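Visitor: Dropping a structure here in C-alpha cells format, bear with me for questions.
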Amino acid sequence: MNRTQFVAASQVVIVAGKGGVGKTTVSAAAALATADEGQEVLAVEVDGTGALRRLLGCPDAGQEPVPCPLRPTSVSVASIDPSTALSRYLADHGLGRLGGRLARTGMLDLVATATPGIRDLVVLGRLRQMAEHHPDKIVIVDAPAAGHALAFLRTPRDILDTVDGGRIADQAQLGVEFLADHDRSSVTLVTLPQETPVNELVETAFAIEDELGVALGPVIVNSIEPPLTEPPPVDEPGRAAHDFFKQRAAAEAVQLVRMETELPLPWFALTRADGPIDRQLRLEQLARSLRSANSK
Amino acid sequence: MMDSGQGSPPSAEIAASTKVVLTVGTGGVGKTTVSAALASAAARTGRRAVVVTVDPARRLADALGVAGELSSEPTKLAEHSNGGELWGSMLDPRVTFDRLVDSHAPDAATAVAMRQNRIYRNMTNGLSGTQDYLAIEELYWLAHDDRFDLVVVDTPPSQTALDIVDAPGRLTRLFDNRIYQLLTGRRSGATRLFSRAAQRFVKMVGAVVGAGIVDDAVEFFGLFEDLEAGFRDRAAAVGELLTSDKAMVVLVASPRADTVASALGLIRALITRQLRPDAVVVNLVHPRPDGLATAPSSEAVDRLRKRVESEDKAMAPLIEANLGRAIVSIPTLPGDIHDQEGLKHVERHLTTGFPNDMFGLDGAWR
Chain A
5 MNRTQFVAAS QVVIVAGKGG VGKTTVSAAA ALATADEGQE VLAVEVDGTG ALRRLLGCPD
65 AGQEPVPCPL RPTSVSVASI DPSTALSRYL ADHGLGRLGG RLARTGMLDL VATATPGIRD
125 LVVLGRLRQM AEHHPDKIVI VDAPAAGHAL AFLRTPRDIL DTVDGGRIAD QAQLGVEFLA
185 DHDRSSVTLV TLPQETPVNE LVETAFAIED ELGVALGPVI VNSIEPPLTE PPPVDEPGRA
245 AHDFFKQRAA AEAVQLVRME TELPLPWFAL TRADGPIDRQ LRLEQLARSL RSANSK
Chain B
261 MMDSGQGSPP SAEIAASTKV VLTVGTGGVG KTTVSAALAS AAARTGRRAV VVTVDPARRL
321 ADALGVAGEL SSEPTKLAEH SNGGELWGSM LDPRVTFDRL VDSHAPDAAT AVAMRQNRIY
381 RNMTNGLSGT QDYLAIEELY WLAHDDRFDL VVVDTPPSQT ALDIVDAPGR LTRLFDNRIY
441 QLLTGRRSGA TRLFSRAAQR FVKMVGAVVG AGIVDDAVEF FGLFEDLEAG FRDRAAAVGE
501 LLTSDKAMVV LVASPRADTV ASALGLIRAL ITRQLRPDAV VVNLVHPRPD GLATAPSSEA
561 VDRLRKRVES EDKAMAPLIE ANLGRAIVSI PTLPGDIHDQ EGLKHVERHL TTGFPNDMFG
621 LDGAWR
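As C-alpha cells, this is what we get:
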C-alpha cells in the first residue's frame, strides 16, 4: 500500500496533542489530504464530542462509517462514543440479557469505576475492529482531548497490570500488541511553535516511544506565523504590527530549532490563518498545505 | 460576587470577601497563566494567596517562573511588605486521595486496607477521571488552611460540561447505586433474591473483567462504606462553598470561534448549577495599536486587521450573550509567558483591562 508522507507508515494513524493545538482540524485535513493522494480513508473520532464529524460535514455519523460530503467516494467518517461502545461490548459478552436492568441500576458505572480505563480499552478494541473490517483504508483517529492521549495509549498496559484474567485482560493484551505493531498503528503528534507546547510534545513523544513502544509518525506543527516579506512600514501602527509579527516569528523559530534538537522526528509546518475564513475553505487550504509541504 | 462597575474599566479583580477562585475553560487558552496571574495580583494587594494546578505538566511552574517543579505541598514563592504572599502547589492525586482516606477512615486498619486495595490504587493514578473530584477536594482543604486566605484553583480543562462542579455529586451518587448496595450487602437483609442476584452479577462481571478485580471491587466498596459519611459531608460542604459569595468563577477563553462556543457551553452549564462566571477573560488577543483601522495598507497592517476582524467575529456570540459580567481581554505577547515579566503583563491587564476599546464595547459591560 502506498503511504503518504505526512501520515505515518501504518494503517491506523492516531492524531494526538494537547488541547488547543488544533488536533481535530489537523485530523480532518490529514484525512482529506490522504484521500487526495489516492487512498481510501476512514476518519474516526473517539471522544463523542462531535467536533471531527461536524468539521467533515457528517454531524450524524455514528459507529457505522458514513460517506464524507467533502470527499464522498474516498473519505468516510465514524464516531465511537465511549459509553455506547462499552455497553455494546458488555452486551456482546454475555451481559446483554441482564443488560437492561443492570444498566438502569448503574452497572456500567460500576464496571467503569472498578476497572478504570475500560472505556478507553473498548474504544481501542472498536478501532482495531474497524481497521480489520476496512483493510484497504487508512484510519485516521482524532485522539481523546487534552492530556488524555497518553492515558488512552497507556490504558491496555495499565489494565494488564490491574486485572488478572477474564476477557478484559485478553482485550488489553490485543490492545498492547496492536499499539506496538508499527504496521498497524502509529501516532502523529500535533503541536504549536511555542515553548510550553514544544516541551509537552517532547515529553509525550519520549513517553510514547520509549515507554509504550508505539511508533511515531511525523510531527505536525500548527499555526506557524508566516514570515513577512515587506520592509517595515513608516507609520506608527504599521510599525507596531510589523514588529509584533517579526517578534512572534523569531520566538517561534527559536522553539522550532529547539524542537528539532530535542526530538529527532520529521515535521510538517502548517501556517496560521490570516483572517475570518469559512471552516471548510480553511480545511481544504490545510489539506493542500499538507500535500505540498516537504517534511523538515 | 464581583460586579462590573458602570463605566469603570473591566477587571478581574478579586473582592476582599472572595476566598476561593475557580478558573475554568477549555485547553490551550492559557488558563494556568491566568490562574497564576490572579493569585500573584492578589498577593500584591496583601492577600496570602495559593494557586494550585492539577496539570502534571510544568505549566504552572513555568508561568510562575519557578525553576524546578512544584510539589503537592505548597511552596512560598513571593512575599510582599504589605503581608501579601504568593504560594504555589501541584496536585498529586495519590497524596490527596490518601489524605482523604486518612481523614475519613474510622480506624487505621481501614485506611491501610484501602490504600492497599488494587482498585483504590488504580483510581488514584489519575487514569479514571478522578482529577475533577480531587481538584475540588484540594480546594476545600486549602480553603481551610490557616496559611492562606485565598485559594486559586486551575481546574482541569473541561471540554463541554463542567465536570468539576459535578464531581462531588458524582462520587456520592455511587452510594445510591443499587449495584453498589448489592455488592456491599446493604440490602442483604431485605430478601434472599438480592444476594442471589448479587452472586450472579458478580460471576458475570468476573467473566468479563477477571475474578480478582471483582473481589477487589467488593472489598473496595465495602471499605468505602466506612468512609461514606465523611465523603457525603465533604461533598455537601464543597457544594455550599462553591455556590456561596466566597467563591468566584473566572472563565478563560481565547478569541476563536470554537473556544468561544465551548465557553458559552460552559457558561450555560454553570448557570444550571447556580453558578455564574464572575468574570470572563479572553486571553491571547492580537494587539490593537492605535490607528490600526486607518493606517496605510501594508503586509503587516493588512494581516493584523484580518486577525482582529476574525477575533471580533469569533467574540461576537460572547458579547451578544450579554452576561452582565466583565469581559477582560489580554493581548498576546509575541513570545511565551514563562517569566515574571510575562506574568506581570497578564496581571496588569487582568486588573486594568485592555487599554483600547475592545470589541467595540467602549467600557459598557451590560
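Protein chains in written order, with the working numbering: chain A, 5 to 300; chain B, 261 to 626.
We put the CB at the ideal spot given by N, CA and C, even for glycine.
Everything numeric in this text was worked out from a predicted model, so none of it was measured.
1) I'd like the ranges of any alpha helix (DSSP H) spanning at least 4 consecutive residues and lying wholly in the region 29-73 of chain A.
2) CB T275 of chain A to CB P230 of chain A, shorter than 7 Å?
3) Given a limit of 7 Å on CB to CB distance, which residues of the region 531-565 of chain B reach chain A?
4) Per the DSSP calculation, F272 of chain A is bridged to which residue(s)?
5) Listing by chain order, which chain B residues have their CB less than 9 Å from the CB of R171 of chain A?
6) Assess, as a yes-or-no matter, whether the region 23-36 of chain A is touched by the region 275-294 of chain A under the definition of 3 or more beta carbon pairs within less than 8 Å.
7) Please report whether the beta-carbon of P319 of chain B lies at a distance below 7 Å from any beta-carbon of chain A.
8) Which first and last residues belong to the alpha helix (DSSP H) in which A321 of chain B is found?
9) Given 8 Å as the limit, is there contact between the region 320-330 of chain B and the region 571-578 of chain B, that is, 3 or more CB pairs closer than that?
10) Using alpha carbons as the reference points, say which of B:S363, B:L402, B:R375 and B:R565 lies closest to A244 of chain A.
11) Would you call the CB atoms of V145 of chain A and I18 of chain A closer than 7 Å?
12) Figure out for me which residue from B:V310, B:V284 and B:P366 has the closest Cα to the Cα of A539 of chain B.
13) Return the residues of the region 10-27 of chain A that lie within a Cβ-Cβ distance of less than 7 Å from chain B, sorted by chain order.
14) May I ask you to report which of helix, strand or coil DSSP gives R308 of chain B?
15) Does the beta carbon of E601 of chain B sit closer than 7 Å to a beta carbon anywhere in chain A?
16) Report yes or no: do the region 584-603 of chain B and the region 541-560 of chain B share at least 3 C-beta pairs separated by less than 8 Å?
17) Helix, strand or coil for P76 of chain A, going by three-state DSSP, please let me know.
18) Would T356 of chain B pass as a contact of T519 of chain B if the rule is Cβ separation under 7 Å?
19) In or out: A343 of chain B buried (at least 16 other Cβ within 10 Å) or exposed?
20) Just verifying my parser: in three-state terms, what is the DSSP assignment at S296 of chain A?
21) Measuring CA to CA, which of A:S14, A:A297 and A:E234 is closest to P139 of chain A?
22) In three-state DSSP terms, what is L290 of chain A?
23) Could you give the uninterrupted runs of the alpha helix (DSSP H) lying entirely in the region 348-391 of chain B, keeping only those of 4 residues or more?
24) If I measure Cβ to Cβ from R494 of chain B and keep anything under 6 Å in the same chain, skipping five residues before and after, which residues do I get?
25) Pick from B:A301, B:E488, B:V289 and B:L526: whose alpha carbon is nearest that of A338 of chain B?
26) Roughly how many whole angstroms lie between the Cα atoms of Q259 of chain A and P197 of chain A?
27) With a threshold of 16 other CB atoms inside 10 Å of the CB of S189 of chain A, please say whether the residue is buried or exposed.
28) Contact defined as beta carbons within less than 8 Å: I believe R130 of chain A pairs with A176 of chain A. What is the distance between those atoms, to the nearest angstrom?
29) Going along chain B, which residues have a C-beta under 8 Å from P94 of chain A?
30) Please tell me whether T200 of chain A has its Cβ less than 7 Å away from any Cβ of chain B.
31) Would you say T451 of chain B lies against chain A (beta-carbon separation less than 7 Å)?
32) Counting only Cβ-Cβ distances shorter than 7 Å, please list the residues of the region 570-582 of chain B near chain A, keeping chain order.
33) If the cut is a Cβ gap below 7 Å, which residues of chain B does E266 of chain A touch?
34) Measure from the alpha carbon of D185 of chain A to the alpha carbon of each residue in A:S78, A:I84, A:A95 and A:G217, then state which is nearest.
35) For A487 of chain B versus H364 of chain B, is the C-beta distance shorter than 7 Å?
36) My understanding is that E345 of chain B touches A303 of chain B, with C-beta atoms under 8 Å, so please give their C-beta distance in whole angstroms.
Guide: On the basis of the supplied data:
1) The region 29-73 of chain A contains these whole alpha helix (DSSP H) runs: 55-59.
2) Translated into the one-based positions of the first sequence, residue 275 of chain A becomes position 271. Translated into the one-based positions of the first sequence, residue 230 of chain A becomes position 226. Between T275 of chain A and P230 of chain A, the CB-CB gap stays under 7 Å.
3) From the region 531-565 of chain B, only P547, P549, D550, G551, L552, A555, P556, S558, E559, A560, V561, R563 and L564 have a Cβ closer than 7 Å to chain A.
4) Here residue 272 of chain A refers to the residue found at position 268 of the first sequence. DSSP lists A:I224 as partners of F272 of chain A.
5) The residue labelled residue 171 of chain A in the question sits at position 167 within the first sequence. Contact note: R171 of chain A reaches chain B through A467, V468, V469 and G470, using a C-beta cutoff of 9 Å and chain order.
6) Contact between the region 275-294 of chain A and the region 23-36 of chain A is present, because at least three Cβ pairs lie under 8 Å.
7) The count along the second sequence starts at 1 and reaches residue 319 of chain B at position 59. Checking the sequence shown, residue 319 of chain B turns out to be Arg, not Pro. It does; some Cβ of chain A falls within 7 Å.
8) Mapped onto the second sequence, residue 321 of chain B falls at position 61. Segment R319 to L324, the alpha helix (DSSP H) holding A321 of chain B.
9) Because the criterion of three Cβ pairs below 8 Å is not met, the region 320-330 of chain B and the region 571-578 of chain B do not touch.
10) Here the question's residue 244 of chain A lines up with position 240 in the first sequence. Distance check between A244 of chain A and each of B:S363, B:L402, B:R375 and B:R565 places B:R565 closest, using alpha-carbon atoms only.
11) Along the first sequence, read from residue 1 onward, the residue named residue 145 of chain A stands at position 141. Along the first sequence, read from residue 1 onward, the residue named residue 18 of chain A stands at position 14. Taking 7 Å as the Cβ cut-off, V145 of chain A and I18 of chain A qualify as a contacting pair.
12) To locate residue 539 of chain B, count along the second sequence from 1; it is residue 279. Closest by alpha carbon: B:V284.
13) Flagged, chain order: K22, G23, G24 and V25.
14) For the purposes of this step, residue 308 of chain B is identified with residue 48 of the second sequence, where counting begins at 1. Strand at R308 of chain B.
15) The residue labelled residue 601 of chain B in the question sits at position 341 within the second sequence. With 7 Å as the cut-off, E601 of chain B does not count as an interface residue toward chain A.
16) With a cut-off of 8 Å, the region 541-560 of chain B and the region 584-603 of chain B count as touching, because enough Cβ pairs lie within range.
17) Residue mapping note: residue 76 of chain A aligns to position 72 of the first sequence, counting from 1. Assigned with DSSP and collapsed to three states, P76 of chain A falls in coil, not helix or strand.
18) Sequence index remark: in the second sequence, residue 356 of chain B carries index 96 (1-based). Sequence index remark: in the second sequence, residue 519 of chain B carries index 259 (1-based). When the beta-carbon positions are compared, T356 of chain B and T519 of chain B stay at least 7 Å from each other.
19) Within the second sequence, numbered from 1, the residue matching residue 343 of chain B stands at position 83. Residue identity check: residue 343 of chain B is Gly in the sequence provided, not Ala. Result: exposed.
20) The residue labelled residue 296 of chain A in the question sits at position 292 within the first sequence. Here S296 of chain A sits in helix by DSSP.
21) Walking along the first sequence from the start, residue 139 of chain A turns up at place 135. Closest by alpha carbon: A:S14.
22) Numbered from 1 along the first sequence, position 286 holds the residue referred to as residue 290 of chain A. When secondary structure is reduced to three states using DSSP, L290 of chain A falls in the helix class.
23) You should have 353-364, 368-376 and 378-383.
24) Within the second sequence, numbered from 1, the residue matching residue 494 of chain B stands at position 234. Shown here for R494 of chain B: not one same chain residue has a beta carbon closer than 6 Å to its own, the five before and five after excluded.
25) Reading the second sequence from its first residue, position 78 is the one you call residue 338 of chain B. Of B:A301, B:E488, B:V289 and B:L526, the residue nearest in Cα terms is B:A301.
26) Position 255 of the first sequence, counted from the first residue, corresponds to residue 259 of chain A. Position 193 of the first sequence, counted from the first residue, corresponds to residue 197 of chain A. Rounded to the nearest angstrom, the gap between the Cα atoms of Q259 of chain A and P197 of chain A is 6 Å.
27) The count along the first sequence starts at 1 and reaches residue 189 of chain A at position 185. Here S189 of chain A is buried, its C-beta having at least 16 other C-beta atoms within 10 Å.
28) Sequence index remark: in the first sequence, residue 130 of chain A carries index 126 (1-based). Sequence index remark: in the first sequence, residue 176 of chain A carries index 172 (1-based). With a beta-carbon spacing of about 14 Å, R130 of chain A and A176 of chain A fall beyond the 8 Å limit used to define contacts.
29) Sequence index remark: in the first sequence, residue 94 of chain A carries index 90 (1-based). According to the sequence shown, residue 94 of chain A is Leu rather than Pro. Neighbours of L94 of chain A on chain B, chain order: V468.
30) Within the first sequence, residue 200 of chain A is the residue found at index 196, counting from 1. By this cut-off, T200 of chain A is an interface position.
31) Indexing the second sequence from 1 puts residue 451 of chain B at position 191. Note that T451 of chain B has pLDDT 41, beneath the 50 cutoff, so the model's placement of it is unreliable and no number is given.
32) Interface annotation for the region 570-582 of chain B against chain A: S570 and K573, criterion Cβ-Cβ distance under 7 Å.
33) Here residue 266 of chain A refers to the residue found at position 262 when the first sequence is read from its first residue. Neighbours of E266 of chain A on chain B: none; closest Cβ ~15 Å, over 7 Å.
34) By one-based count along the first sequence, residue 185 of chain A stands at place 181. D185 of chain A has its Cα closest to that of A:G217, out of A:S78, A:I84, A:A95 and A:G217.
35) For this step, residue 487 of chain B is matched to residue 227 along the second sequence. For this step, residue 364 of chain B is matched to residue 104 along the second sequence. Per the sequence shown, the amino acid found at residue 487 of chain B is Leu instead of Ala. Annotated as proximal: L487 of chain B and H364 of chain B, with beta-carbon spacing under 7 Å.
36) Residue 345 of chain B sits at position 85 when you count from the first residue of the second sequence. Residue 303 of chain B sits at position 43 when you count from the first residue of the second sequence. Taking 8 Å as the upper bound for CB-CB distance, E345 of chain B and A303 of chain B are in contact here, some 6 Å apart.
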